[in-house]
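**Q**
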Amino acid sequence: MSPLRDALQELPDAVFADLLESDDAYLLVLDVPGVTAETADIRTEGGRLIVEARRGKSVPPEFQYLREDRPLFLDAELPLPREADGSAATAEIDRGVLEIRLPKAATDGESIPIDDASA
15 MSPLRDALQE
25 LPDAVFADLL
35 ESDDAYLLVL
45 DVPGVTAETA
55 DIRTEGGRLI
65 VEARRGKSVP
75 PEFQYLREDR
85 PLFLDAELPL
95 PREADGSAAT
105 AEIDRGVLEI
115 RLPKAATDGE
125 SIPIDDASA
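Per the working numbering, the very first residue in the sequence shown carries number 15; after that it's consecutive.
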């Protein structure tokens, strides 16, 4: 698990992340305001967890940016823990909080579906 925990330190400062572990799974919680299930892609590939997320930005017409610190994109490649089963991973997003559950039992997987809890 250490490589995953270490990799989370490398995420942009604007992204907050928690990593939890139980006897049978890991739970990665990412704060990604403005991201929806339609604007995110999460998959496992070659022993890595790949998270690509885009958030929408709307600016009222009477305003313009003086400062812009919130990134539009999150592209992260994180190492899967050896015992994580990427093929059985699930994800859910609710109001900008993305939870990725990685059951334990090592194999690579495929695309991870994201359920939109607010829909």
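No residue lacks a Cβ here, since even glycine has one placed at the ideal position from N, Cα and C.
Expressed to the nearest angstrom, what Euclidean distance is found between the alpha-carbon atoms of alanine 120 and leucine 25?
**A** Bear in mind that the predicted position of alanine 120 carries a pLDDT of just 46, short of 50, making it unreliable; the figure below should be weighed with that in mind. Answer to the nearest angstrom: the Cα atoms are 24 Å apart.
**Q** The beta strand (DSSP E) spanning glutamate 66 covers which residue range?
**A** Note, glutamate 66: beta strand (DSSP E), 62-68.
**Q** Tell me the rounded alpha-carbon separation between aspartate 130 and alanine 54.
**A** Roughly 11 Å separates the two Cα atoms.
**Q** Can we say the segment 89-102 touches the segment 57-69, given the rule of at least three CB pairs closer than 8 Å?
**A** Cβ pair count under 8 Å is three or more, so yes.
**Q** Do alanine 98 and leucine 116 have their C-beta atoms within less than 7 Å of each other?
**A** It is a contact, given that the beta carbons lie within the stated cut-off.
**Q** Between Val29, Asp20 and Leu34, which has its C-alpha nearest glutamate 114's C-alpha?
**A** In the sequence on display, residue 114 carries isoleucine and not glutamate. Isoleucine 114 has its Cα closest to that of Leu34, out of Val29, Asp20 and Leu34.
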